[in-house]
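In our numbering, the protein residues as written are 91 to 221.
Note that CB positions come from ideal geometry on N, CA and C, so glycine has one too.
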């Protein structure tokens, strides 16, 4: 059984030494998923994106956008206006993963009542005294 990934693959996210786990960590991050989901709908300027992802700090949004741009999920386009206008959009690869995140968001919203009921049932059960 192989226990590590070679530098050139094959990649196996289930192996702790596999560098592709970093991508999974990135995409599983709440803020990253929300930023990609927002950009999957349409390109945004920084301020628009910050308003679209309610609760994200300027610092966290900046960090996420830089990482996403470095990893090839997002493009940053500067337009020569006064002041300069900067727009963020998904690359083709970003759009691929963005569609999955939109589906996951939709599923989460559609099933939240079921999840809330399951949590309540579990919590009620764990509060019962053990005899």
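Where residue i falls: helix, strand or coil (DSSP)
i, result
"residue 180", "strand"
"residue 172", "coil"
"residue 103", "coil"
For residue i, the first and last residue of its enclosing alpha helix (DSSP H)
i, result
"residue 159", "148 to 160"
"residue 139", "136 to 142"
"residue 127", "120 to 131"
Same chain only: Cβ atoms within 6 Å of residue i, ignoring 5 sequence neighbours per side
i, result
"residue 124", "143"
"residue 158", "164"
Selected residue, minimal CA-CA separation from residue i, among the options
i, options, result
"residue 187", "121, 117, 202, 206", "117"
"residue 181", "133, 115, 121", "133"
Same chain only: Cβ atoms within 8 Å of residue i, ignoring 5 sequence neighbours per side
i, result
"residue 108", "94, 95, 101, 102"
Cβ-based neighbour list, residue i, same chain, cut-off 7 Å, excluding 5 preceding and 5 following
i, result
"residue 173", "none"
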